[in-house]
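**Student:** Sending over a structure as structure tokens; questions will come in a sec.
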Amino acid sequence: MKIEIYGTGCPKCRATMGNVKKAVKEMGLEQQAEVSEVKDIMAITTKGVLLTPALVIDGNKVSEGRIPSSEEIKKWIKETK
1 MKIEIYGTGC
11 PKCRATMGNV
21 KKAVKEMGLE
31 QQAEVSEVKD
41 IMAITTKGVL
51 LTPALVIDGN
61 KVSEGRIPSS
71 EEIKKWIKET
81 K
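Sequential numbering of the sequence shown, starting at 1, is according to the working numbering.
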């Protein structure tokens, strides 16, 4: 499973990364989930992201422009599996 946070490293992006890591840990998916940050502006715009942070799970944008809770992230991960 590939989880990407699109953003510039702003406080909201860091908070989103923290919630993603928390959700992945609580679900016991540390070995299966590849979590990464995409900070390149061209990659962000190519993905169609207008507001950061954006959260993408296995290629599907599930959130944009806000900090999703770890509970929301867990729900999206379950829906993706």
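Here a beta-carbon is modelled for each residue, glycine too, at the ideal position from N, C-alpha and C.
Can you round the beta-carbon distance between G9 and K39 to whole angstroms, since I take them to be within the 8 Å contact cut?
**Tutor:** As a first step, residue 9 must be located in the sequence shown, where it is residue number 9. As a first step, residue 39 must be located in the sequence shown, where it is residue number 39. Their Cβ separation, rounded to whole angstroms, is 6 Å, which keeps G9 and K39 in contact under 8 Å.
**Student:** Confirm, please, whether the CB-CB distance from V56 to W76 is below 8 Å.
**Tutor:** As a working note, residue 76 is residue 76 in the sequence shown. As a working note, residue 56 is residue 56 in the sequence shown. Cβ atoms of W76 and V56: not closer than 8 Å.
**Student:** Could you tell me how far apart the beta carbons of C13 and I5 are, in whole angstroms, since I believe they sit closer than 8 Å?
**Tutor:** Walking along the sequence shown from the start, residue 13 turns up at place 13. Walking along the sequence shown from the start, residue 5 turns up at place 5. Contact annotation, C13 with I5: C-beta distance approximately 6 Å; criterion of less than 8 Å satisfied.
**Student:** Who does L29 pair with in a DSSP beta bridge?
**Tutor:** Translated into the one-based positions of the sequence shown, residue 29 becomes position 29. Beta-bridge annotation (DSSP): L29 is not paired with any residue.
**Student:** Does DSSP put K12 in a helix, a strand or coil?
**Tutor:** Looking up residue 12 in the sequence shown gives position 12. Reduced to three states, the DSSP call for K12 is helix.
**Student:** Whole alpha helix (DSSP H) runs in the stretch 37 to 77 with 4 or more residues, listed along the chain?
**Tutor:** 41 to 46
**Student:** Can you tell me whether S2 is helix, strand or coil according to DSSP?
**Tutor:** Within the sequence shown, residue 2 is the residue found at index 2, counting from 1. For the record, residue 2 in the displayed sequence is Lys; it is not Ser. Correct three-state label for K2: strand.
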